[in-house]
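J.:
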Amino acid sequence: MKEVPVFQSEVLVHFNKEGKISYTSSESLKKNLKEIDITPAISAADAFQKAYVASKSRGNYLSGK
24 MKEVPVFQSE VLVHFNKEGK ISYTSSESLK KNLKEIDITP AISAADAFQK AYVASKSRGN
84 YLSGK
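All the letters of the sequence shown, read from the start, carry residue numbers 24 to 88 under the numbering used here.
#1: Considering only C-alpha positions, which residue in the set Gly42, Pro28, Thr47 is nearest to leucine 35?
#2: Which stretch, first to last residue, makes up the beta strand (DSSP E) that contains phenylalanine 38?
#3: Identify which residue in Ala67, Val76, Thr62, His37 has its Cα closest to the Cα of glutamate 26.
#4: Considering just the uninterrupted stretch of the alpha helix (DSSP H) at serine 20, what are its terminal residues?
#5: Roughly how many angstroms separate the alpha carbons of aspartate 60 and glycine 42, rounded to a whole number?
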């Protein structure tokens with residue numbers, strides 16, 4: 024969905040004797056999906072800075088540019 028990985032759902036695929044797909048179902052995927060806003064809440068530079076601080080790294084900080 025909008026190139027965001029979806030976890031904890033399933034898509035069923037059944038194959039016939041010839042190895043061809045005979046049935047698919049993604050109902051559990053469809054009913055659990057919600058429209059999401061993928062606009063970042065912070066800039067990439069801020070995300071790198073926050074990750075650097077959270078990691079308690081002793082190395083030099085390199086910007087995410």
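Glycine included, C-beta positions come from ideal geometry on N, C-alpha and C.
T.: Put simply:
#1: Sequence index remark: in the sequence shown, residue 35 carries index 12 (1-based). Comparing Cα-Cα distances from leucine 35 to each of Gly42, Pro28, Thr47, the minimum goes to Thr47.
#2: Against the sequence shown, residue 38 aligns to sequence position 15. 35–38 is the span of the beta strand (DSSP E), which, as asked, contains phenylalanine 38.
#3: Within the sequence shown, the letter at position 3 stands for residue 26. For the set Ala67, Val76, Thr62, His37, the Cα lying nearest the Cα of glutamate 26 is the one of Thr62.
#4: The displayed coordinates of the chain run from 24 to 88. Any statement about residue 20 would go beyond what the structure contains.
#5: Here residue 60 is taken as the residue at index 37 of the sequence shown, counted from 1. Here residue 42 is taken as the residue at index 19 of the sequence shown, counted from 1. Looking at the two C-alpha atoms, the distance is approximately 39 angstroms.
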